[in-house]
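Participant: This is the structure, below, for whatever I ask next.
Number of protein chains: 4
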Amino acid sequence: MQRRNMVIMNKTRLEAFSDGVLAIIITIMILEIKMPHNADWSSLMELHSVFICYVLSFAFIGIYWGNHHHLVHTVKVVSPSVIWANMHLLFWLSLIPLATNWMGENHFARNTVIAYAVLLLLCGLSYTLLQTTIEKSNVLSPELKDAFAAVKRKGIVSVICYSSSIPLAFVHTAISGCLFAAVAIMWIIPERNIAKALKE
Amino acid sequence: MQRRNMVIMNKTRLEAFSDGVLAIIITIMILEIKMPHNADWSSLMELHSVFICYVLSFAFIGIYWGNHHHLVHTVKVVSPSVIWANMHLLFWLSLIPLATNWMGENHFARNTVIAYAVLLLLCGLSYTLLQTTIEKSNVLSPELKDAFAAVKRKGIVSVICYSSSIPLAFVHTAISGCLFAAVAIMWIIPERNIAKALKE
Amino acid sequence: MQRRNMVIMNKTRLEAFSDGVLAIIITIMILEIKMPHNADWSSLMELHSVFICYVLSFAFIGIYWGNHHHLVHTVKVVSPSVIWANMHLLFWLSLIPLATNWMGENHFARNTVIAYAVLLLLCGLSYTLLQTTIEKSNVLSPELKDAFAAVKRKGIVSVICYSSSIPLAFVHTAISGCLFAAVAIMWIIPERNIAKALKE
Amino acid sequence: MQRRNMVIMNKTRLEAFSDGVLAIIITIMILEIKMPHNADWSSLMELHSVFICYVLSFAFIGIYWGNHHHLVHTVKVVSPSVIWANMHLLFWLSLIPLATNWMGENHFARNTVIAYAVLLLLCGLSYTLLQTTIEKSNVLSPELKDAFAAVKRKGIVSVICYSSSIPLAFVHTAISGCLFAAVAIMWIIPERNIAKALKE
Numbered sequence: 009m010q011r012r013n014m015v016i017m018n019k020t021r022l023e024a025f026s027d028g029v030l031a032i033i034i035t036i037m038i039l040e041i042k043m044p045h046n047a048d049w050s051s052l053m054e055l056h057s058v059f060i061c062y063v064l065s066f067a068f069i070g071i072y073w074g075n076h077h078h079l080v081h082t083v084k085v086v087s088p089s090v091i092w093a094n095m096h097l098l099f100w101l102s103l104i105p106l107a108t109n110w111m112g113e114n115h116f117a118r119n120t121v122i123a124y125a126v127l128l129l130l131c132g133l134s135y136t137l138l139q140t141t142i143e144k145s146n147v148l149s150p151e152l153k154d155a156f157a158a159v160k161r162k163g164i165v166s167v168i169c170y171s172s173s174i175p176l177a178f179v180h181t182a183i184s185g186c187l188f189a190a191v192a193i194m195w196i197i198p199e200r201n202i203a204k205a206l207k208e
Numbered sequence: 009m010q011r012r013n014m015v016i017m018n019k020t021r022l023e024a025f026s027d028g029v030l031a032i033i034i035t036i037m038i039l040e041i042k043m044p045h046n047a048d049w050s051s052l053m054e055l056h057s058v059f060i061c062y063v064l065s066f067a068f069i070g071i072y073w074g075n076h077h078h079l080v081h082t083v084k085v086v087s088p089s090v091i092w093a094n095m096h097l098l099f100w101l102s103l104i105p106l107a108t109n110w111m112g113e114n115h116f117a118r119n120t121v122i123a124y125a126v127l128l129l130l131c132g133l134s135y136t137l138l139q140t141t142i143e144k145s146n147v148l149s150p151e152l153k154d155a156f157a158a159v160k161r162k163g164i165v166s167v168i169c170y171s172s173s174i175p176l177a178f179v180h181t182a183i184s185g186c187l188f189a190a191v192a193i194m195w196i197i198p199e200r201n202i203a204k205a206l207k208e
Numbered sequence: 009m010q011r012r013n014m015v016i017m018n019k020t021r022l023e024a025f026s027d028g029v030l031a032i033i034i035t036i037m038i039l040e041i042k043m044p045h046n047a048d049w050s051s052l053m054e055l056h057s058v059f060i061c062y063v064l065s066f067a068f069i070g071i072y073w074g075n076h077h078h079l080v081h082t083v084k085v086v087s088p089s090v091i092w093a094n095m096h097l098l099f100w101l102s103l104i105p106l107a108t109n110w111m112g113e114n115h116f117a118r119n120t121v122i123a124y125a126v127l128l129l130l131c132g133l134s135y136t137l138l139q140t141t142i143e144k145s146n147v148l149s150p151e152l153k154d155a156f157a158a159v160k161r162k163g164i165v166s167v168i169c170y171s172s173s174i175p176l177a178f179v180h181t182a183i184s185g186c187l188f189a190a191v192a193i194m195w196i197i198p199e200r201n202i203a204k205a206l207k208e
Numbered sequence: 009m010q011r012r013n014m015v016i017m018n019k020t021r022l023e024a025f026s027d028g029v030l031a032i033i034i035t036i037m038i039l040e041i042k043m044p045h046n047a048d049w050s051s052l053m054e055l056h057s058v059f060i061c062y063v064l065s066f067a068f069i070g071i072y073w074g075n076h077h078h079l080v081h082t083v084k085v086v087s088p089s090v091i092w093a094n095m096h097l098l099f100w101l102s103l104i105p106l107a108t109n110w111m112g113e114n115h116f117a118r119n120t121v122i123a124y125a126v127l128l129l130l131c132g133l134s135y136t137l138l139q140t141t142i143e144k145s146n147v148l149s150p151e152l153k154d155a156f157a158a159v160k161r162k163g164i165v166s167v168i169c170y171s172s173s174i175p176l177a178f179v180h181t182a183i184s185g186c187l188f189a190a191v192a193i194m195w196i197i198p199e200r201n202i203a204k205a206l207k208e
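Protein chains in written order, with the working numbering: chain L, 9 to 208; chain V, 9 to 208; chain Z, 9 to 208; chain P, 9 to 208.
Pasting the structure below:
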């Protein structure tokens, strides 16, 4: 019972810390948005690309939170490698407010879109790395194994989309934008498989 | 038991994440308040409209937290749609510091009051949407159904108040301000019905 | 059991939200400290009064957290009035970073010390109000009643100290500073009585 | 049971508050990073030393979180002295974003590296102080005692490394940087001993 208790504690704090970091990341992005100093609608409208970037990044962090939540829920053993793979993911996610701000302030200039794509790619790879680390240190039921395989397939598709959005930004940055949105939509309902596997 | 355990976990993290985001939203608003660089009372007094806006928004976020707390407390099943309706509400609430700052710095200029009213309207609609989503994915007791209906009525009154505060801002922005305050007061003691229904 | 469960939930979220807000207040104060743009020790030394203010406010928030923790621990019933008394306390505490920043940047100018004293006074009164609200909505054991009375006595002494630090700032601001420090020291070990009462 | 319950509560809130503060410290560091106002790669590249400092400090806070997590996990009795030793550690850790920012903006100028080393030294000493305080107020199993002794040895080595990095910064700041990295690597897998002792 000592052993079991310890593992539960570990997991709770891992979740609590991750929730805290994700909640802060998602919220401090608005601190980067500088409101105009006058009350004109036209000044407010100039923020439109900053706002679109905020919506996109809010959605991405929200999606990561939802998926992270289901992934960590499957963890029984929190090994040091799981803690560090999680910290590694949080590190790349913590840079999203910066990339969002850079892209928004420069109205989707090509370089900023490429930087955003590279960051999303690194986040995607870190997520898959975390999943692999969890798989290695936990014994999974056959149902969970299937669910994990399905999630990993989605992870690979995401990485391909992000990777191709980098050269495609040289054609038109809107293509990259569509690819970002496509990946987001693919992950929006992510939990079905893991949730089902846990229930059975 | 596996199933029940999972649902409780879900809810705990949904609450933890929402609490985190709301706590940050309510607190970072003060980061937008720039203190004067000298020690004169008159410089401090110039912040009076910024301060009034801060009080108003603090009250609104506090009220949302209180009501959210009671609403989510009734949840038994956290479906993906509940997670996304919740995320949607948090998105609009996260913009409150910006609208607060804009309204305060421009001393309740008409445009800024309208923007604030529109944002409150969107928050109000998101809250009702979250409630509807929870109702659909959970089986409610007759008492809870009554409580939910009462809350929904308050939601509709709020939406009407916010909507009418937009055209009324063209008459005088103080009328809109009074309507905001009236809605806040209406929600300050929100929990009685749900709390009673849960106890019975 | 439904009833009991509900009350526990309430309290957990009240604590979680308060912890979140207090953790953010205590941490964002450093965002107000602007590091010099060069690497000279002399530029760093110019921050000494900002730093002293940070230490003072960190200690105050830490003390409030410790005492709040023990106070809320005694709560069995979280009534709406407890929620609002708590929110009221958090409101005044949330202004501490602003007052700290103003006092630090203006090197303890008299007006800023008075503003800080007024804010501490309002925080102190809010704390006593929260305690009174908890006393009213909960049935306390005789031991807890004694402990509460001791805490209330400390609260009254604090209010007197803060109140007198306002006129005394006109004599010399250092007197006010000493009074702030004296109150802080008085509260640093606050929990003995309540902790003992709960154990018995 | 009352007694046991109280102690568990205490610990939970101590962990929650520490998690909150650490999550905020680790995340607000990015608010100090100012993105360039144009979309040139060369402008972005100018941030390289700011970025390196961010990585270093992220790693340090992450390591403190991981080790703090295991240390507090061993606590059974949360005495006021444990609360204050913990608050003292959080105080020094809260200054890391400032020192990081100073060092990054001044491209590892000697003074800034020395300031960073002094701060890490103070954090290291606070951590050892927290450990000693926990040892004094808790009865430890022989396995835990061994684990604590091993951790304390690591603490002493860290303090020696940090201390020597201060004079060595006068030779070359890169030597100090290597010492910082060496200590970080030494602590990255910190938990084995305590984890093992708790399981047995």
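Ideal placement from N, C-alpha and C gives every residue a C-beta, glycine not left out.
Spell out whether any CB of chain L is found under 8 Å from the CB atom of Leu39 of chain P.
Facilitator: Judged by the 8 Å Cβ criterion, Leu39 of chain P is in contact with chain L.
Participant: How would you list, in chain order, the residues of chain P whose beta-carbon sits under 8 Å from the beta-carbon of Thr108 of chain Z?
Facilitator: By Cβ distance, chain P contributes nothing, its closest Cβ being about 13 Å from Thr108 of chain Z, past 8 Å.
Participant: Using 8 Å for Cβ pairs, my map puts Leu103 of chain Z next to Tyr72 of chain Z. What's the rounded Cβ distance?
Facilitator: In fact, because the Cβ distance is near 13 Å, the residues do not count as touching under 8 Å.
Participant: Pick from L:Phe156, L:Phe188, L:Asn119, L:Phe178: whose alpha carbon is nearest that of Cys131 of chain L?
Facilitator: Taking only the C-alpha atoms, the option nearest Cys131 of chain L is L:Phe188.
Participant: Anyone know if the C-beta pair for Ala82 of chain P and Ile142 of chain P falls short of 8 Å?
Facilitator: According to the sequence shown, residue 82 of chain P is Thr rather than Ala. Their beta carbons are under 8 Å apart, which means Thr82 of chain P touches Ile142 of chain P by this criterion.
Participant: List the residues of chain L that Ala2 of chain V touches, going by C-beta distances under 8 Å, in chain order.
Facilitator: Look at the range of chain V in this structure, 9 to 208, and you will see that residue 2 of chain V is not part of it.
Participant: On a CA-only basis, which of Z:Ser166, Z:Val126, Z:Thr20, Z:Glu40 is nearest Ala177 of chain Z? Give me that one, please.
Facilitator: The option with the nearest alpha carbon to Ala177 of chain Z is Z:Val126.
Participant: Take Phe156 of chain Z and list the residues in its own chain whose beta-carbon comes closer than 7 Å to its own, dropping the five residues that flank it on each side.
Facilitator: Once the five neighbours on either side are set aside, the close Cβ partners of Phe156 of chain Z are Gln139, Glu143, Leu148.
Participant: Take the Cβ of Arg21 of chain Z as the centre, count every other Cβ of all protein chains shown within 10 Å, and call the residue buried at 16 or more, exposed below.
Facilitator: Buried, since its Cβ has 16 or more Cβ neighbours within 10 Å.
Participant: Applying the criterion that 16 or more other CB atoms from any shown protein chain within 10 Å of the CB defines a buried residue, is Val86 of chain L buried or exposed?
Facilitator: Counting Cβ neighbours within 10 Å, Val86 of chain L comes out buried, since at least 16 surround it.
Participant: Excluding five sequence neighbours on each side, which residues of the same chain lie with their C-beta closer than 8 Å to the C-beta of Leu137 of chain V?
Facilitator: Same-chain partners within the cutoff: Ala93, His96, Leu97.
Participant: Tell me where the alpha helix (DSSP H) around Pro175 of chain P begins and ends.
Facilitator: Its alpha helix (DSSP H) spans residues 150-176.
Participant: How is Val121 of chain V classed by DSSP in three states: helix, strand or coil?
Facilitator: Of the three classes helix, strand and coil, the one that applies to Val121 of chain V here is helix, per DSSP.
Participant: Give the DSSP-derived three-state secondary structure of Val15 of chain P in the structure shown.
Facilitator: Low confidence applies here, because Val15 of chain P scores a pLDDT of 43, under 50, leaving its location unreliable and the question unanswered by this model.
Participant: Quick one, which of V:Ser50, V:Met53, V:Tyr135 has its alpha-carbon nearest His77 of chain V's?
Facilitator: Measuring from the Cα of His77 of chain V, the nearest candidate turns out to be V:Tyr135.
Participant: From Ile33 of chain Z to Asn109 of chain Z, what does the alpha carbon distance come to, in whole angstroms?
Facilitator: Distance between the alpha carbons of Ile33 of chain Z and Asn109 of chain Z: 13 Å.
Participant: According to the neighbour-count rule (16 or more other Cβ atoms, all chains shown, within 10 Å of its Cβ), is Ala190 of chain L buried or exposed?
Facilitator: Classification for Ala190 of chain L: exposed.
Participant: Span of the alpha helix (DSSP H) holding Ala47 of chain Z?
Facilitator: Segment: none, Ala47 of chain Z is in no alpha helix (DSSP H) and carries neither H nor E.
Participant: Identify the contact partners of Asn146 of chain P in chain L, using a Cβ-Cβ distance below 8 Å as the criterion.
Facilitator: Within 8 Å Cβ-Cβ: nothing; Asn146 of chain P doesn't reach chain L, min ~16 Å.
Participant: Using only CA atoms, which one of L:Asp27, L:Ser50, L:Asp48, L:Phe66 lies nearest to Ile38 of chain L?
Facilitator: Of L:Asp27, L:Ser50, L:Asp48, L:Phe66, the residue nearest in Cα terms is L:Phe66.
Participant: What residues in the stretch 58-91 of chain L have a beta carbon less than 8 Å from any beta carbon of chain V?
Facilitator: Hits within the stretch, in order: Val63, Phe66, Gly70, Trp73, Gly74, His77, His81.
Participant: Grab the span of the alpha helix (DSSP H) containing Ser89 of chain L for me, first residue to last.
Facilitator: Per DSSP, Ser89 of chain L belongs to the alpha helix (DSSP H) from 88-102.
Participant: Around the C-beta of Glu54 of chain L, are 16 or more other C-beta atoms found within 10 angstroms, so that it is buried, or is it exposed?
Facilitator: Glu54 of chain L should be labelled exposed.
Participant: Helix, strand or coil: how does DSSP classify Phe25 of chain V here?
Facilitator: Here Phe25 of chain V sits in helix by DSSP.
Participant: For Val29 of chain Z, is the classification buried or exposed, using 16 other Cβ atoms within 10 angstroms of its Cβ as the cut-off for buried?
Facilitator: Classification of Val29 of chain Z: buried, given that the 10 Å Cβ count is 16 or more.
Participant: Please report the distance separating the alpha-carbon of Glu151 of chain Z from that of Lys84 of chain Z.
Facilitator: So the alpha carbons of these two residues sit roughly 16 Å apart.
Participant: Pop quiz: Ala158 of chain P and Ala47 of chain Z are said to be a contact at Cβ under 8 Å. What is the actual Cβ separation, rounded to whole angstroms?
Facilitator: Actually they do not touch by this definition, with Cβ atoms about 38 Å apart.
Participant: Please classify Ile36 of chain Z as buried or exposed, where buried requires at least 16 neighbouring CB atoms within 10 angstroms.
Facilitator: Result: buried.
Participant: In whole angstroms, what is the alpha-carbon distance linking His45 of chain Z and Ser57 of chain Z?
Facilitator: His45 of chain Z and Ser57 of chain Z: Cα-Cα distance of roughly 18 Å.
Participant: Would you mind telling me which residues of chain Z sit closer than 7 Å to Met45 of chain V, beta carbon to beta carbon, in chain order?
Facilitator: This sequence places His at residue 45 of chain V; Met is not what is there. Under the 7 Å cutoff, chain Z gives Glu113.
Participant: Is there a Cβ of chain B sitting closer than 8 Å to that of Ser87 of chain V, yes or no?
Facilitator: Annotation note: the requested chain B is absent from the structure, which comprises protein chains L, V, Z and P.
Participant: Name the chain V residues whose beta carbon is nearer than 8 Å to that of Trp49 of chain L?
Facilitator: What Trp49 of chain L touches in chain V: Asn119.
Participant: Determine the chain L residues that contact Ile142 of chain P at a beta-carbon separation under 9 Å, and present them in chain order.
Facilitator: Result: empty, since nearest Cβ-Cβ is about 16 Å, beyond 9 Å.
Participant: Strictly under 8 Å for the Cβ-Cβ distance: is Ser184 of chain L near chain P by that measure?
Facilitator: Chain P, which has no Cβ nearer than 8 Å to the Cβ of Ser184 of chain L, makes this no.
Participant: Below 8 Å CB to CB, which residues in the same chain sit around Val90 of chain L once its five sequence neighbours on both sides are set aside?
Facilitator: The residues are Leu22, Val83, Leu138, Thr141, Ile142, Ser145.
Participant: For the candidate residues Z:Tyr124, Z:Ile183, Z:Pro175, whose alpha-carbon lies nearest to that of Cys61 of chain Z?
Facilitator: Minimum Cα distance to Cys61 of chain Z is reached at Z:Tyr124.
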